[in-house]
Structures are given as structure tokens and as C-alpha cells.
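Heads up: the sequence lines are chains A and B, in that order.
Just so you know, the first sequence maps onto residues -13 to 133 in my numbering.
Just so you know, the second sequence maps onto residues -13 to 133 in my numbering.
Every residue, glycine too, gets a C-beta built ideally from N, C-alpha and C.
All values reported here derive from a predicted model rather than from experimental measurement.
All remarks here apply to the structure that follows.
Number of protein chains: 2
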Amino acid sequence: MNDESPVVELTPEECWELLGEHEFGRLAFTVVDEQHITPINYAVDRDALGNQTLLFRTAPGAKLLAVEIGAEVAFEIDDFAGETAVSVVVRGHARHLGEDEEHRAETLPLRPWVGTPKYDVVEIVPAEVTGRRFRLDRPWLTMRPSG
Amino acid sequence: MNDESPVVELTPEECWELLGEHEFGRLAFTVVDEQHITPINYAVDRDALGNQTLLFRTAPGAKLLAVEIGAEVAFEIDDFAGETAVSVVVRGHARHLGEDEEHRAETLPLRPWVGTPKYDVVEIVPAEVTGRRFRLDRPWLTMRPSG
């Protein structure tokens, strides 16, 4: 990042590194023309060929399972540290894993933060992964009220 | 929150209080069947009747302006503190404010964190505001690797 641009595009490698370091993000999806967004815990899965996808667990009956196979979704993580923020967005489609594939979630650090039962595993198959690093300009954080 | 339920629904008042305390969230929207999600800075606006909406700034040419008037959007904020997390979701429609209304943004603490020009003001008119408080169960944060 140079001094001239407050926003820098991340490389795909940087995006996947950030995705691997986090475990919490937000999933955006549409059900019968209704726009939804919900926080989820996720983990990155990687197959023998190096293809990477995201897995998360959900509960039977959750709205997400109303999403048809192949439905378009978008997923975001973000992070702040001092004067820099990063945001990574994965766009792709959601796929409800069958019983023969659910074991993939068991070998990952896929750790729901909330202790409600979640038996279904959903995969986000990426079509596009993009990320940006922002140089933050928030003088009010160090300003004191005058007067 | 009691010990029995790891997830508690927030009241609308609690949701608006949290929305007022934050200034950063993620907006989910659809453009020509493509699902998008993007981080935004926002502020809560309140009219003389007490009706509350969210305002944010964006740049000419941004994808969001491709959203037709009245398009469904969803917006989320979340926060963690110790063993508790909260998430608030506003579902509603996006409205690009005309020049005669843009002044509404000027009296709010609507402070973009990134110094790129953003001349357009968009309002999110809420149809539904929901929030949840989660009791987190993350024993691995205090566990040490064995062996």
C-alpha cells in the first residue's frame, strides 16, 4: 500500500490467507426475493488438487436450507488493526452436502461459537474471491471535543 | 439471557440502541441476480416523528446505485465482548436520496473511514429489524494444546 491510494485490491493469495485466519463472517443470500444476511462460523476446506471452498454448519429448518442448490450467495469477513482495515468477499453458490460428504467438516477447525445443534453442512463454492485493504482516516478517534 | 438458551432475541429498542452505537456494518444486495455484500459506514437518522432509518454515502458508479429504487437490501452489524456476541439485521429497501434530501446526511455523524470521494447518499428504509444475543461457547480459546 502506498500513500496515494486509500484502497488497495488484495491478491487471491492474500484473500485466502485471511479467510484461513478467520472463522467468523456474514453470509448474504436470497430466499424467494427476500434479501437475508446472517453471521456464521466457517472453515476453509481444501481438496487434494488445492481447490478451496468454505464450509459451515446450519440447523435443519434454517432459512438457508430453503436456498435452492446452486443459489448465489456472498460471504464477507473483515478485520481492523490500527489504521488499516481489510475486507474479503467470496461470491459463489451454496451447496448442501449429502451425508456421504459431511465427514469433510469433521476434520476441519469448524467450531460453532454458539451451542445450538447444527447438523447440516453447507459448502460455498467460490466463483469470485476479492479483497480490499483500506487505509483508515478517522481523526475523530484521537480528537478531543473542543470547548 | 438465562443459562438455558444460548440465543436470545433482542427487542427492537435494543436493536436500535446497538445500531446507534455502531457506525460500521455490511450491506447485502442483489444486482441483476448477482448477490453482493460490502462493508459500509452508516449513521442512524431519525425524523420528527421518531421514525428511524439508516443513511450511508457511496460513490457515483458504485454497484449499489445499480439497485433499482425500492430494491430489497439487508444490513448487519455485530459485536463481541467476552463470552457474548450480538448481531443486528435490518431488512428493508434502499433509496437513493435526491439533492433536496442529501442535507440530512450532513447533520449526522456519518463519517466514512476511507478517504475516497462519496457524493451520493443512500437511505435504508427498514421493513424489519431483528437482533440476537449469543452466549459464546469457545473452550478452545482457553485450552492449551496437549502433549
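Which chain B residues sit within Cβ distance under 7 Å of residue i?
i: A:V59; result: Q21
i: A:T16; result: T16 and Q21
Verify whether the separation of the beta carbon atoms of residue i and residue j is less than 8 Å.
i: B:L50; j: B:V108; result: yes
i: A:V76; j: A:F15; result: no
i: A:P12; j: A:E62; result: One point to set straight first is that residue 12 of chain A is Arg, not Pro, in the sequence displayed. Yes. Within cutoff.
i: B:W99; j: A:R124; result: yes
i: B:R43; j: B:A91; result: yes
i: A:T102; j: A:A29; result: no
Using the beta-carbon of each residue, which ones in chain A are nearer than 7 Å to residue i?
i: B:G101; result: P(-8) and D123
Take residue i and list the residues in its own chain whose beta-carbon comes closer than 6 Å to its own, dropping the five residues that flank it on each side.
i: B:E9; result: N27
i: A:C1; result: V74, V115 and G117
i: A:P25; result: R12
i: B:H82; result: V108
i: A:T(-3); result: none
Mind listing the chain A neighbours of residue i? Cutoff is C-beta to C-beta under 9 Å, in chain order.
i: B:W126; result: P95 and R97
i: B:F42; result: Per Cβ cutoff of 9 Å: no residues; B:F42 is ~15 Å from chain A at best.
Rounded to the nearest angstrom, what separates residue i and residue j at their Cα positions?
i: B:E212; j: A:D86; result: Only positions -13 to 133 of chain B appear in this structure, which leaves residue 212 of chain B out of reach.
i: A:L4; j: A:P95; result: 15 Å
i: B:Y105; j: A:V72; result: 23 Å
i: B:D31; j: B:I23; result: 22 Å
i: B:G84; j: B:G47; result: 16 Å
i: B:H89; j: B:Q21; result: 30 Å
i: B:G78; j: A:V18; result: 15 Å
i: B:T93; j: A:L127; result: 19 Å
i: B:D33; j: A:A67; result: 35 Å
i: A:E(-5); j: B:V(-6); result: 38 Å
Residues in its own chain within less than 7 Å of residue i by CB, not counting five upstream and five downstream?
i: A:R121; result: M(-13), P(-8), E69 and T70
i: A:D64; result: A71, V72 and S73
i: B:G6; result: V30
Could you name the residues of chain B that residue i contacts, counting a contact when the two beta carbons are closer than 9 Å?
i: A:A71; result: F10, P25, W99 and V100
For residue i, verify whether its CB is less than 7 Å away from any heavy atom of the ligand ADP.
i: A:V115; result: You won't find the ligand ADP in this model; it holds no ligand whatsoever.
Under 8 Å between beta-carbons, which chain B residues line up against residue i? List them in chain order, please.
i: A:E62; result: R12, I23, T24 and P25
Within the same chain, show all residues whose beta-carbon is closer than 8 Å to that of residue i, passing over the 5 residues directly before and after it, in chain order.
i: A:A220; result: Outside the shown range of chain A, which is -13 to 133, sits residue 220 of chain A, and nothing can be said about it.
Quiz prompt | Contact the segment 37 to 48 of chain A vs the segment 99 to 114 of chain A: 3+ CB pairs below 8 Å | solution = yes
Exercise. Mind checking the segment 70 to 91 of chain B against chain C and listing, in chain order, the residues whose C-beta falls within less than 8 Å of any C-beta there?
Key: The structure shown has no chain C; the protein chains it does contain are A and B.
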